[in-house]
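This report refers to the structure that appears directly beneath it.
Residue numbers (my numbering): 180 to 650.
In structure tokens, the structure reads:
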């Protein structure tokens, strides 16, 4: 029935083509056919690249515009002004002290170096030790610093790249990963590695899923679907690993992932869905149960980015604050990133990437078997890693213990709720969504919110401005 409907149209098309080619020689027909096929292949490749056609169009338009002399001169003039401003800011921050650009002929003494470090660390205008900054520093305790200094001294030259030489550091890393996996309700098969920070944890997850999808599903042009509020580390992963990153809008009222928008964005090359607990801009939590259900429906892995608040959300229930499920207890969640160097209170340079099953972590690793120097393998971006940082992270976790983290979480969340309540009482301000943990984003429909940010900066505060919309 269907073929009979199309038959008249096909006959007309055949007559039309034959009429167009009736005066052509065979070699001309072959040439036209080959040219048409090659042009079609080129056009397909041009349109369907990792970077969208719209994005490439904008870049091309800007690049061409910069070739216009008048526009080029204006842009160069503005860039010179910006560079000059940056240079002045750097000089001011360093209080006019010159840079050491060559090795001293004679090495400086212990006392001289310590005094120089103290001098350097006095640079800057913000009193971060007194809590005048947003983020950046998450904990400051002299007793913990003493412990970490002692531990780092013991492990300062260790390197887990050599497990036969430094098995103790490898044991510490394994214990950090296992403790964290258990906190996120990982099963017996859950696993992971330590990394140097949240960005590397996210990079490793994206690399693992890219290679998994290529190996298991034959996907050559992978795509990740995530809300616009997801961390830019995913965009970095897209640039590094040739993955198309598709951003979907968030609910304009609650500032959570729009599940329907994510569903519409899913295609045959989708290798990963992402949700945040919470996200960085607004501190709101995406509905991980809904995202995971979407992942199960389409057989797509789901990553939960808990880099910012991971070491708060896992203790909130015990601190008396109920949250919707967000971790490995949710069917469909296949990986979680969590920073130990934020609310885990470990020194900077430590994070954890977790997987529900070893089959995903397997594709995170990089192994070279035909190097003349022997078989070389590394689990993360770095080959050599600082064993001292791993040891310090381990020491922090076993020092705090469960009760210590629960108590800290309770104090932090109580403070967040108190600030949230007082801000909502101020005319002219509003709160974006419902802050879940430690981040509060404020805006105004009465005045430009950046004016408030600038005013607070002059009083010694360092807050993070937001855009799209301003906050």
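Using N, Cα and C, we set each Cβ at its ideal position, and we do this for glycine too.
query: Could you tell me the distance, in whole angstroms, from the CA atom of residue 544 to the CA atom of residue 381?; result: 14 Å
query: Please name the residue in 385, 623, 368 and 583 whose C-alpha comes closest to that of residue 415.; result: 385
query: Helix, strand or coil, according to DSSP, for residue 256 in the structure here?; result: helix
query: To the nearest angstrom, how far is it from the Cα of residue 369 to the Cα of residue 455?; result: 20 Å
query: Of the residues 209, 305 and 407, which one's Cα is nearest the Cα of residue 646?; result: 407
query: Contact defined as beta carbons within less than 8 Å: I believe residue 471 pairs with residue 509. What is the distance between those atoms, to the nearest angstrom?; result: 5 Å
query: List the endpoints of the continuous alpha helix (DSSP H) containing residue 556.; result: Run containing residue 556: none in the alpha helix (DSSP H); it sits in the beta strand (DSSP E), 555-557.
query: Apply the 10 Å Cβ neighbour rule to residue 601 and answer buried if 16 or more other Cβ atoms are within range, or exposed otherwise.; result: exposed
query: Please return the same chain residues whose Cβ sits closer than 6 Å to the Cβ of residue 524, not counting the five positions on each side in sequence.; result: 318 and 575
query: Less than 8 Å separating the beta-carbons of residue 487 and residue 388?; result: no
query: My output table needs one value for residue 512: the three-state DSSP class, helix, strand or coil.; result: strand
query: Beta-carbon separation of residue 636 and residue 619 under 8 Å?; result: no
query: Can you name the residues that DSSP bridges to residue 517?; result: 485 and 531
query: Go through the stretch 418-498 residue by residue and report every complete run of the beta strand (DSSP E) that reaches 3 residues or more, in order.; result: 423-427, 449-455 and 481-485
query: Do you know how far the Cα of residue 390 is from the Cα of residue 397?; result: 9 Å
query: If you follow the beta strand (DSSP E) that residue 402 is part of, which residue opens it and which one closes it?; result: 402-406
query: Using 10 angstroms around the beta-carbon of residue 606, count the other beta-carbons present and answer buried if the total reaches 16, otherwise exposed.; result: exposed
query: From the DSSP output, which residues share a beta bridge with residue 370?; result: 534
query: By the 10 Å Cβ neighbour count, where 16 or more other Cβ atoms means buried, how is residue 572 classified, buried or exposed?; result: buried
query: Determine, using beta carbons only, whether residue 566 and residue 337 come nearer to each other than 8 Å.; result: yes
query: Cα separation between residue 517 and residue 483?; result: 9 Å
query: Buried or exposed, going by whether 16 or more other CB atoms sit within 10 Å of the CB of residue 198?; result: exposed
query: Measure the alpha-carbon distance for residue 433 versus residue 331 and round it to whole angstroms.; result: 43 Å
query: Output needed for residue 315: all residues of its chain with C-beta closer than 7 Å, excluding positions within five of it in sequence on either side, in chain order.; result: 307
query: Figure out for me which residue from 298, 292, 204 and 480 has the closest Cα to the Cα of residue 272.; result: 298
query: Within the chosen definition, does the stretch 612-627 reach the stretch 526-542 through at least 3 CB pairs nearer than 8 Å?; result: no
query: Just how far apart, CA to CA, sit residue 490 and residue 584?; result: 8 Å
query: At the level of alpha carbons, what is the spacing between residue 293 and residue 427?; result: 50 Å
query: Please check the pair residue 121 and residue 373, which I expect to be a contact at CB under 8 Å, by giving their CB distance rounded to whole angstroms.; result: Nothing in the structure corresponds to residue 121, since the chain is present only between 180 and 650.
query: Would you report the Cα separation of residue 514 and residue 435, rounded to the nearest angstrom?; result: 20 Å
query: Going by other Cβ atoms of all chains shown within 10 Å of its Cβ, with 16 needed for buried, is residue 302 buried or exposed?; result: exposed
query: Would residue 465 be called buried (16 or more neighbouring beta carbons within 10 Å of its own) or exposed?; result: buried
query: Report the CB separation of residue 457 from residue 616 in whole angstroms; it is logged as a contact under 8 Å.; result: 5 Å
query: Since residue 546 is in the beta strand (DSSP E), which residue starts that stretch and which ends it?; result: 545-547
query: If you reduce the DSSP assignment to three classes, tell me which class residue 226 lands in.; result: helix
query: What would DSSP say about residue 626, mapped onto helix, strand or coil?; result: coil
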